[in-house]
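Read in order, the letters of the sequence shown correspond to residues -27 to -1, 1 to 393 in mature numbering (1 follows the signal peptide of the UniProt record, and there is no 0). Note that beta-carbon positions come from the ideal geometry of N, C-alpha and C, so glycine has one too.
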Amino acid sequence: MFRKALVLAGVGALALAATGCSSSKSASSGQADSGPVTLTYGIWDAKQKPAMQAIADAFHTAHPNITINIQLTPNADYWTKLQTAAASGTAPDVFWMNTPRVGLYAGQHQLLSLSDKPGFDNSPFPKALNDSYTLDGKQYGMPKDFDTVGLWFNKKLFDAAGVKYPTASWTWQDVISAAQKLNDPSKGVWGIASPDWTQENLFNTMLQAGGQAITPDHKKSGFDDPKSLAGLQYALDFITKYHVSPTAQQMTDTQPDQLFASGKVAMFADGDYDMPEYKAAAGLDADVAPLPAGPDGKKATVINGLANVIYAKTKHPQAAWEFVQYLGSKEANEIQAKTGTVIPAYNGLSATWVASTPQYHLQSFIDQLDVAVPYPVSKNTAAWTTPMQTTLDQIWGGQLDLTTGAKQIAAQMNAELAKE
């Protein structure tokens, strides 16, 4: 998952120390430690910590000489702190990685190649996820989960307004019509929240319009495609044309997922990873449906996933590899699935995850796999995400018109992509 905070934090040039450390020649010979070992495990999502702790405890039971110390860093600070720690040689032994940054960290020799490890097996995971964490023929991440995006809705607000719940047959126009009926300023209720978040909102609407954020060969921006512009316009119109979404400033003051959880927003396109937040929200009676189809009936959602990686300078590479192997096992993925946090990457376990929280139609996320498109990345995604998000902020904030801003994003992206 990528919150805007994750996209913005620490995405400039990665100032990693020139240690001369290669991903295949790191830290030690890789022999097993002779005594007890404590590994640090870096994660950023508090909602997932209980599941990760359950996995760590199960691993420790099977490997009593290896203790796992989970280090939780809030997502707004995760990448900045990781960048500093990696440069100083103090990064966690094992930590979460996302697709936009794996090329940069692997390219800077900060990750161990898992492909070189004895017993490495990536066959239980979707090829798209394995490929996302492979650089120059070597795989650096063990897939952890995957996520798609659905249309979350507040059933109480729908019932009060007499609006039928969203279904898989909904179109953009259905969402617009429902948002207008649900919007009730007198009660402080918005019909929908439409922020300039990319994974949850804009990348999806661009795809549904027939556009794209980046070409399939990762060499050219798609922001200057008229169809992409139409997808951006649809999302922006909820604020500027229909006035049924909080403004950019209001969604900066209080994040849209929090507005939805508190009953102030009737609809919100969001990933499966926020389900625990909505499940825990007092008084929220919610559900989720697939994303709507665009003007030509096109349905689409971005798909993405996290992976577990090993820090190249870990003092315990063998113990770290044993832990990562376990993180990629069916047993560990079943623990994750049963806790209902995110969809496990391990093939065949999505039904367990769906069954974990029967009050929601979580199958909506799985049903969209046939129309899922990989999250847009390149070799150095971080180089263009910062200017992209800065420009989107200006557009959503009313300081820049959409057409001019989209062309500006395309030009910035193309300049960075040309360097790759």
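For my contact list, Y319 and P97 are in at a C-beta cut-off of 8 Å; report their separation, rounded to the angstrom.
Looking up residue 319 in the sequence shown gives position 346. Looking up residue 97 in the sequence shown gives position 124. Taking the Cβ atoms as the reference, Y319 lies roughly 5 Å from P97, within the contact range of under 8 Å.
Going by Cα to Cα distance, which pick from V67, N48, H82, V75 is closest to A60?
For the purposes of this step, residue 60 is identified with residue 87 of the sequence shown, where counting begins at 1. Closest by alpha carbon: H82.
Would the stretch 164 to 175 count as touching the stretch 326 to 337 if we require 3 or more Cβ pairs under 8 Å?
no
Check whether the stretch 245 to 261 and the stretch 222 to 236 touch, using three or more Cβ-Cβ pairs below 8 Å as the test.
Touching, per the Cβ criterion.
Just the Cα atoms here: how many angstroms apart are P317 and A345?
Working through the sequence shown from its first residue, we reach residue 317 at position 344. Working through the sequence shown from its first residue, we reach residue 345 at position 372. Rounded to the nearest angstrom, the two C-alpha atoms are 16 Å apart.
Using a Cβ distance threshold of 8 Å, determine whether the stretch 186 to 197 contacts the stretch 210 to 219, with at least three qualifying pairs required.
no
Let me check understanding here. Comparing Cα to Cα, which of V297, K271, Y215 lies closest to N95?
On the sequence shown, residue 95 is found 122 positions in, with the first residue counted as 1. Closest option to N95, Cα to Cα, is V297.
With 16 other CB atoms within 10 Å as the buried threshold, where does Q372 fall?
Mapped onto the sequence shown, residue 372 falls at position 399. Per the 10 Å Cβ criterion, exposed.
Since K117 and S88 are thought to touch, with beta carbons under 8 Å apart, how far apart are those beta carbons, to the nearest angstrom?
For the purposes of this step, residue 117 is identified with residue 144 of the sequence shown, where counting begins at 1. For the purposes of this step, residue 88 is identified with residue 115 of the sequence shown, where counting begins at 1. With 8 Å as the limit, K117 and S88 do not qualify as a contact, their Cβ atoms being about 17 Å apart.
Are L108 and V282 touching if we call contact CB-CB under 8 Å?
Looking up residue 108 in the sequence shown gives position 135. Looking up residue 282 in the sequence shown gives position 309. Result no, Cβ atoms of L108 and V282 do not sit closer than 8 Å.
Would you grab the beta carbon distance between V122 and G164 for me? Rounded to a whole angstrom, and I think it's under 8 Å.
Counting from one through the sequence shown, the residue named residue 122 turns up at place 149. Counting from one through the sequence shown, the residue named residue 164 turns up at place 191. Incorrect: roughly 18 Å between the Cβ atoms, too far for contact.
What is the DSSP secondary structure of V297, reduced to helix, strand or coil?
Against the sequence shown, residue 297 aligns to sequence position 324. Of the three classes helix, strand and coil, the one that applies to V297 here is helix, per DSSP.
I think K128 touches Y138, with their Cβ atoms under 8 Å apart; what is that distance to the nearest whole Å?
One-based indexing of the sequence shown puts residue 128 at position 155. One-based indexing of the sequence shown puts residue 138 at position 165. Correct: roughly 7 Å between the Cβ atoms.
Identify, in the order they occur along the chain, each residue of the same chain with its Cβ nearer than 7 Å to the Cβ of A310, setting aside the five sequence neighbours on each side.
Position 337 of the sequence shown holds residue 310. For A310, where only same-chain residues beyond five positions count, the Cβ hits under 7 Å are P317, L322, T325, W326, S329.
Between which two residues does the alpha helix (DSSP H) containing Y51 stretch?
In the sequence shown, the residue the question calls residue 51 occupies position 78. Run containing Y51: 48 to 61, per the alpha helix (DSSP H) assignment.
Specify the secondary structure class of L12 as computed by DSSP and reduced to three states.
Within the sequence shown, numbered from 1, the residue matching residue 12 stands at position 39. Here L12 sits in strand by DSSP.
Could you give the distance in angstroms between the alpha-carbon of D18 and the alpha-carbon of A388?
The residue given as residue 18 occupies position 45 in the sequence shown. The residue given as residue 388 occupies position 415 in the sequence shown. One C-alpha to the other measures close to 33 Å.
Beta carbon of A293, beta carbon of L12: below 8 Å?
To locate residue 293, count along the sequence shown from 1; it is residue 320. To locate residue 12, count along the sequence shown from 1; it is residue 39. The answer is yes: Cβ separation under 8 Å.
Between the C-alpha atoms of F126 and T140, what's the straight-line distance to the nearest angstrom?
Here residue 126 corresponds to residue number 153 of the sequence shown, with the count starting at 1. Here residue 140 corresponds to residue number 167 of the sequence shown, with the count starting at 1. Roughly 11 Å separates the two Cα atoms.
Just list the beta strand (DSSP E) runs in the stretch 219 to 257, keeping only unbroken ones of 3 residues or longer that don't cross its boundaries, in chain order.
The stretch 219 to 257 is shown to contain whole beta strand (DSSP E) runs of 3 or more residues at 240 to 244, in chain order.
S351: which of F68, N38, G76, A383 sits nearest, CA to CA?
For this step, residue 351 is matched to residue 378 along the sequence shown. Comparing Cα positions, the closest option is G76.
Just the Cα atoms here: how many angstroms apart are K392 and K272?
Looking up residue 392 in the sequence shown gives position 419. Looking up residue 272 in the sequence shown gives position 299. Going by the C-alpha atoms only, they are around 33 Å apart.
If distances are taken between C-alpha atoms only, which option among T377, W143, A101 comes closest to G270?
For the purposes of this step, residue 270 is identified with residue 297 of the sequence shown, where counting begins at 1. Here the closest residue by C-alpha is W143.
Which residues mark the beginning and the end of the beta strand (DSSP E) in which residue 396 is found?
In the structure displayed, the chain extends from -27 to 393; residue 396 sits before or after that span and is not available.
Who are the Cβ neighbours of T72 in its own chain at under 7 Å, not counting the five residues just before and after it?
By one-based count along the sequence shown, residue 72 stands at place 99. Cβ neighbours of T72 beyond the five flanking positions: S105, N277, Y348, V350.
Alpha helix (DSSP H) containing T213: first to last residue?
As a working mapping, residue 213 is identified with position 240 in the sequence shown. Looking at the DSSP string, the run of the alpha helix (DSSP H) that includes T213 is 199 to 213.
Can you tell me whether DSSP reads G76 as helix, strand or coil?
Here residue 76 corresponds to residue number 103 of the sequence shown, with the count starting at 1. Note: G76 maps to helix in three-state DSSP.
Just the Cα atoms here: how many angstroms apart are S150 and M70?
Counting from 1 along the sequence shown, the entry for residue 150 is found at position 177. Counting from 1 along the sequence shown, the entry for residue 70 is found at position 97. If I take the Cα positions, the gap works out to 39 Å.
Which residues mark the beginning and the end of the beta strand (DSSP E) in which Q44 is found?
The residue given as residue 44 occupies position 71 in the sequence shown. That run of the beta strand (DSSP E) goes 39 to 45.
Scan the stretch 340 to 393 and note each continuous beta strand (DSSP E) run of 3 residues or more that stays entirely inside, going in chain order.
345 to 347
Could you work out which residue in F196, K20, Q367 is closest to M386 when comparing CA atoms only?
Residue 386 sits at position 413 when you count from the first residue of the sequence shown. Answer by Cα proximity: F196.
Report yes if the C-beta distance between A203 and A186 is below 8 Å; otherwise report no.
Numbered from 1 along the sequence shown, position 230 holds the residue referred to as residue 203. Numbered from 1 along the sequence shown, position 213 holds the residue referred to as residue 186. Their beta carbons are not under 8 Å apart, which means A203 does not touch A186 by this criterion.
Where do the N-terminal and C-terminal ends of the alpha helix (DSSP H) with D104 fall, by residue?
As a first step, residue 104 must be located in the sequence shown, where it is residue number 131. 100 to 105 is the extent of the alpha helix (DSSP H) around D104.
Determine the closest residue to Q201 out of T178, I28, N156, with distance taken between C-alpha atoms.
Residue 201 sits at position 228 when you count from the first residue of the sequence shown. One detail in the question is off: residue 201 reads as Ser in this sequence, not Gln. Measuring from the Cα of S201, the nearest candidate turns out to be T178.
Which residues share a DSSP beta bridge with A266?
Indexing the sequence shown from 1 puts residue 266 at position 293. Answer by DSSP bridge pairing, in chain order: T144.
Are the CB atoms of Y246 and V315 within a distance shorter than 8 Å?
Mapped onto the sequence shown, residue 315 falls at position 342. Mapped onto the sequence shown, residue 246 falls at position 273. Going by C-beta atoms, V315 is nearer than 8 Å to Y246.
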